[in-house]
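Chains X and C, in that order, give the protein sequences. Per numbering that gives the first Met the number 0, residue 0 is the first one in the first sequence, and the count goes up by one each step. Per numbering that gives the first Met the number 0, residue 0 is the first one in the second sequence, and the count goes up by one each step. Glycine included, every Cβ here is placed at the ideal spot set by N, Cα and C. In what follows, a structure is listed as structure tokens, so that the remarks can point back to it.
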Amino acid sequence: MGEQFASPAVTVVTGATGWLGQALVHRLLADPSRRRLRLLAQSTSEGRRLESLGNVEVVIGDITKPDTAARLLYGIGADVDVIHTVGIIHPKRTRQFLEINVNGTRNVAEAALDHGVRRLVHVSSNSPFGTNAQTSDSFRATEPYHPYLNYGWSKMEGELAVLDAVTHGLDATIVRPPWFYGPFQPPRQTTFFRLVRAGKFPVVGDGEQRRSMVYIDNLVDGLIAAELTPAAKGRCYWVADARAYTVNEIVATVGRALHDEGFTVKEPSARLPALAGRVAELGDRVVQRLGRCQQQLHVLGEMNHTIACDISATCSELGYEPRVELYEGMRSSIRWCVEQGLEL
Amino acid sequence: MNSTAATAQMHAEVLVIGSGAGGATTAAVLAQAGFDVLIVEEGEWIEQGSVVPFSLQQMDFQYRAGGVTVALGLPSIAYTEGRCAGGGTEINSGLYRRPPEDLLQRWATDFCINDLRPEEVMSIANEVEQVISVSLVPGPPSAPSDVLRRGAERLGWQNSEIPRWMKYASGDASSGQRQSMTRTYLPQAASHGARLVTGCRIDQLQMADGKATRATTTLGDGRHGTIDFRHVFVCGGAIQSPALLQRSRIAGYIGRSLAVHPTVKLTARFADELNVPGDVPVHQVKEFAPDLSFGGSASQPGLVALALSDQWRTFSRAITDWRRMSIYYAAITSEGRGRVRAVRGLRDPIVTYALTRRDRALLGSGLSRLALLMLEAGADEVYPSFRGAPVVRNRRDLATMQSTFSAAKASVMTVHLCSTVPMGEDTRRCGANSFGRVHDTTNVWVNDASLLPTAPGVNPQGTVMALAIRNARRFAATERPRG
């Protein structure tokens, strides 16, 4: 990796109230070199919550409306970076994938191009690439698209919208996080802890399928590295923990983390045949074809597969170094839940 | 070396059936050790240069059944076998890979192979490399080969030029002369007195108490004959060797574990002319090895047409542009298994092969990654070889391609057939012992690709030759020539 950009005059964050957005905003607020933060909120109540965090400017708007992104960038100079974290993964209706993940991203990319921002960082996903063909395989930095269902398709189209703007002169970098974990997690993630505690997390097949995961602070490191590395223009990077974990290892490690945080944990007992995963995947496809989303089916269907990515290009080109591993990250995630008064 | 005409009654101390990578090396070692060796080849002696390499005409002359042989399954897998003096070495890509050392170690352990010492095999490989002149292309690679290198470099994927058994008359890639068996080990065998008979098929070995005493033959003109011998080496390749043993009612673990490297193909069209009809690319992409490898295929206009034929309705218009096109493959190591079954009354055995779920997924992602590499190398259009395939012009088309792919719709083919008489002491999964003698026989050896316990994940000819020489030397050290 070569020289680094300095922090820009203005840092703009979309999705600031989301899981990743909150973690990112906390990091930026703690950094004195970040002189101005401008955040997009969906409602005035969200806006007030963000303003309570510190010295931030809030713009209220809906990213699916074309004028929102232009308003977000209005009145600030060219020394501005935009970190676009808005995305929807478990909507009620599949059309929200199109509206938010595709049209929303295109709106941001086009506004960023018109405005002439210094760098746009777009948060994508592993889902445009589907699953690995076998347990030992890992996705390289550049892979053919093979989207997993509607979410994967929408994140692929989002990437393509950004890359299209890059061919028209936009300076943008795409970051692809796999399954993330850590503080600021939404309520659905506490289900995960509860299932592990009860020994009922559904391990599909032999549990040796591998999953890349990323601790939220590692991901924030990666986002900022992607923002501040000039040579990353037009490139796409996996940002994940140092290695992929097997599902068995994930369940055992989370169990250990819960135990060490003082929770009682039952021995894992929920093993499902690989067939159950395939049935769930099929069910998910059918439900999504009807325009609906069923979170449990989706997660179970994907659990059957290996989704592993190779971060070596991210490390060598962005100087990214994942600092936290699964056990430590899960412990801080559990502590955060306890502090929030969430029932595990 | 001249082949002699077959006669109805023949005799030899050692009968070697087949003259390819296994048979030719076996014959050379044993003739040099003083044995009276007779090599019997079903095909004919075709002088190099008398047919165009990698052509349809060559398929007629030098391939079994004109190159149309199929392992039945869903999908069925087309395979090719050489049937000529020199066997597969006369017609294959000529790419040489050393036996992978870690694989030899794993075979020795998993299949209980005695005295399989990697350092011994490597030292034999060194000798082989001298004899068949393993060398790199002098000067720049051909344009179709450079496509693989260029695309892989852009993606940061490991790739390299694979050396070949070629002698180059000048500093030019197109001046290569393949150092196949008819140029190397067969003349060497002859210089030590071995005889070669072509156009003679072995129908059966007559067995008594685990001992083979006589082979029954069919000559070119349809007459039948016999060959008497003391020892027999069956080196007909991974399909014909087990079939002959089965026809001879030799029981054991024979023909039950056919292993192959299934491959799927695509054709890529570029802005500039690049097609080299008489040669194949020498670069391979090994980023995902051994599970998945990419390389280039023969791309004669007829073969380009064949590769486009899966989706002929939309792809056919491209054929007039064949000079700008070249064919590439994605090969996998398969977790599936095949069988070879000789059936009474049928000349050729029934071959079946079943891909696993993982194999199918890997073929799909392999073909997709290969198409991505082609786009990175600058291809304007990519035509994948499966029914219903889209023309791929950009990244978005790759998503369409992989979502329409299924292995059942693809033209899956293979050239590396092996493992039908695996070697080792574990008789539940080995057909021959640690040196190739068929279990429960006293004088029947197999010495060809059938012995490899699994598909090696690399071009296997180097491994086949090194193991065949090892086994033949062991035989020569323990059995005395009658003299």
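- The beta carbon of Gln133 (chain X) falls within 7 angstroms of a beta carbon belonging to chain C, placing the residue at that interface.
- The C-beta distance from Asp80 (chain X) to Arg118 (chain X) rounds to 5 angstroms, short enough to fall under 8 angstroms.
- For Thr403 (chain C), there is no enclosing beta strand (DSSP E); the residue is found in the alpha helix (DSSP H) stretching over 394-403.
- Not one beta carbon of chain C lies nearer than 7 angstroms to the beta carbon of Tyr150 (chain X).
- Within the stretch 273-295 of chain C, the residues whose Cβ lies closer than 9 angstroms to some Cβ of chain X are Glu286, Phe287, Asp290, Leu291, listed in chain order.
- In the three-state reduction of the DSSP assignment, Asn100 (chain X) falls in the helix class, which pools H, G and I.
- About 33 angstroms separates the CB atoms of His260 (chain C) and Thr216 (chain C); that is not less than 8 angstroms, and the two are not in contact.
- The contact set of Ala312 (chain X) on chain C, defined by CB atoms closer than 7 angstroms, consists of Gly155 in chain order.
- Annotated three-state conformation of Phe179 (chain X) is strand, per DSSP.
- In the pairwise beta carbon analysis, the stretch 255-274 of chain C is classified as touching the stretch 315-333 of chain C: at least three pairs are separated by under 8 angstroms.
- For Leu361 (chain C), the nearest beta carbon of chain X is closer than 7 angstroms to its own beta carbon.
- Residue environment: Trp156 (chain C) is assigned as buried (16 or more neighbouring CB atoms within 10 Å of its CB, all protein chains considered).
- A residue is called buried when at least 16 other Cβ atoms come within 10 angstroms of its Cβ; Gly20 (chain X) meets this threshold and is buried.
- Sixteen is the threshold: since fewer than 16 other Cβ atoms of the shown chains lie within 10 Å of the Cβ of Ser49 (chain C), the residue is exposed.
- Straight through space, the alpha carbons of Asp240 (chain X) and Arg37 (chain X) are spaced by roughly 29 angstroms.
- In the structure shown, Cys199 (chain C) falls within a strand segment according to DSSP collapsed to helix, strand and coil.
- Of all alpha-carbon atoms in C:Arg479, C:Ala471, C:Thr477, the one lying nearest the alpha-carbon of Val15 (chain C) is that of C:Ala471.
- Around Ala77 (chain C), no beta-carbon contact reaches into chain X at under 8 angstroms, the shortest distance being about 22 angstroms.
- The beta carbon of Thr141 (chain X) falls within 7 angstroms of a beta carbon belonging to chain C, placing the residue at that interface.
- Contact annotation: the stretch 156-169 of chain C touches the stretch 282-295 of chain C, with at least three C-beta pairs closer than 8 angstroms.
- Out of C:Gln245, C:Ala107, C:Gly65, C:Cys83, the CA that lies nearest to the CA of Leu195 (chain C) is found in C:Cys83.
- Close partners of Tyr144 (chain X) in chain C (Cβ separation under 8 angstroms): Arg394, Arg395, Leu397, Ala398, Gln401.
- Between Ser364 (chain C) and chain X, the shortest Cβ-Cβ separation is below 7 angstroms.
- Per the Cβ contact rule, the stretch 306-314 of chain C is not in contact with the stretch 346-357 of chain C (fewer than 3 Cβ pairs under 8 angstroms).
- Pro383 (chain C) carries a strand assignment under DSSP once its states are collapsed to helix, strand and coil.
- About 6 angstroms separates the beta carbon of Thr13 (chain X) from that of Val107 (chain X), a gap short enough to meet the 8 angstroms contact definition.
- For Leu159 (chain X), the chain C residues whose Cβ falls inside 8 angstroms of its Cβ are Arg394, Arg395, in order along the chain.
- Rounded to whole angstroms, the separation of the alpha carbons of Pro137 (chain C) and Leu29 (chain C) is 35 angstroms.
- The beta-carbon of Leu466 (chain C) is placed no less than 7 angstroms from the nearest beta-carbon of chain X.
- For Ile331 (chain C), the uninterrupted beta strand (DSSP E) run begins and ends at 324-331, by DSSP.
- As summarised for the stretch 115-189 of chain C, the continuous alpha helix (DSSP H) elements at least 4 residues long and confined to that stretch are 117-130, 142-154, given in chain order.
- With 16 or more other Cβ atoms from the protein chains shown falling within 10 Å of its own Cβ, Pro455 (chain C) counts as buried.
- A direct Cα-to-Cα measurement between Asn217 (chain X) and Gly22 (chain C) gives close to 59 angstroms.
- Below the 9 angstroms Cβ cutoff, chain X contributes no neighbours of Leu102 (chain C), its closest Cβ being approximately 16 angstroms away.
- In the DSSP annotation of this structure, the continuous segment of the beta strand (DSSP E) that includes Val81 (chain X) starts and ends at 79-83.
- As the crow flies, the alpha-carbon of Gly251 (chain C) is around 18 angstroms from that of Cys234 (chain C).
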